[in-house]
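Asks:
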Amino acid sequence: MGRVSHQRSTDSCVAHRVRGVDSMNRTRWIIASLVAVVSVVVAVVVVVVLTRDEDPRDFVAEKYRRAQQLDQANNGLAYLATAAPAAVAATIAKATDPRDRRNTGDNHYLRFDNDLIAVSPHAGGSLVLVDSYANGTRRHHAHTSGYGWTSGSAAGDYRGGGSDNGGK
-15 MGRVSHQRST DSCVAHRVRG VDSMNRTRWI IASLVAVVSV VVAVVVVVVL TRDEDPRDFV
45 AEKYRRAQQL DQANNGLAYL ATAAPAAVAA TIAKATDPRD RRNTGDNHYL RFDNDLIAVS
105 PHAGGSLVLV DSYANGTRRH HAHTSGYGWT SGSAAGDYRG GGSDNGGK
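This is the structure we're talking about:
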């Protein structure tokens, strides 16, 4: 009988150790899963931060020399670049991902949600003019209207329509 009792207690110890190992494995899996999830979240945040497109105004202000004397009416901010307009427009487009990019001869236009950037020849380099989208499309209307770029104003294309009751 002593032997059977000893066997049961040994079996009980083994079973307890197995449950302890299972519990330990489960804990390790939970920790490993949490570490994996946190790692994926951190990786996604890093990728988003590193690959997001730069704000066009900030990029131009950091990259090119401010030329206040060449500013245009209605907050058209002027900057100077030493490279040709095509190269400057390509550099800006690569860093900022415009919605559209067009050129008329040596003049290049970059359309963004809230801004329009015009790059034109100036003194052997380029003049970079940064405008709000509405002001830029009005300023460069002769060039940009052919692209279908409107002023962006909600009322800008409204022509009126009279009243329903004949004006009475």
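Per our numbering, the very first residue in the sequence shown carries number -15; after that it's consecutive. Even glycine gets a Cβ: it sits at the ideal position worked out from N, Cα and C.
Report the option in A102, E46, Y131 and F96 whose CA atom is closest to the CA atom of R154.
Replies: Here the chain comprises residues numbered -15 to 152, so residue 154 is not present and cannot be evaluated.
Asks: Are the beta-carbon atoms belonging to V112 and A65 less than 7 angstroms from one another?
Replies: Yes, Cβ-Cβ distance for V112 and A65 is below 7 angstroms.
Asks: From the DSSP output, which residues share a beta bridge with S116?
Replies: DSSP lists D99 as partners of S116.
Asks: For N87, which of helix, strand or coil comes out of DSSP?
Replies: Correct three-state label for N87: strand.
Asks: Would you decide whether E98 is buried or exposed? Buried here means 16 or more other CB atoms lie within 10 Å of its CB.
Replies: It should be noted that the sequence gives Asn, not Glu, for residue 98. Result: exposed.
Asks: Taking the Cβ atom as the reference point for each residue, do R41 and V114 lie within a distance shorter than 7 angstroms?
Replies: Against a cut-off of 7 angstroms, the Cβ pair of V114 and R41 comes out as a contact.
Asks: With distances taken Cα to Cα, identify the nearest neighbour of N59 among A45, N91, T134 and G120.
Replies: It is G120 whose Cα lies nearest to the Cα of N59.
Asks: Give the straight-line distance between the Cα atoms of S137 and Y117, rounded to the nearest whole angstrom.
Replies: Low per-residue confidence applies at S137: pLDDT is 48, beneath 50, and the placement is therefore not dependable, though the value from the model is reported in the following sentence. About 9 angstroms.
Asks: Apply the 10 Å Cβ neighbour rule to H127 and answer buried if 16 or more other Cβ atoms are within range, or exposed otherwise.
Replies: Buried, since its Cβ has 16 or more Cβ neighbours within 10 Å.
Asks: In the DSSP output, what is L94 paired with across the bridge?
Replies: Note: L94 sits in a beta bridge opposite R85 and I101.
Asks: Out of V25, S110, I14 and G132, which one is the CA nearest neighbour of R83?
Replies: Per the Cα distances, G132.
Asks: Once you ignore the five residues that flank V72 on each side, which residues in its own chain have a CB closer than 7 angstroms to its CB?
Replies: Counting only Cβ-Cβ distances below 7 angstroms, and skipping sequence neighbours, we find A65, V103, S110 and V112.
Asks: In whole angstroms, what is the alpha-carbon distance linking F43 and G130?
Replies: Those two C-alpha atoms are separated by around 27 angstroms.
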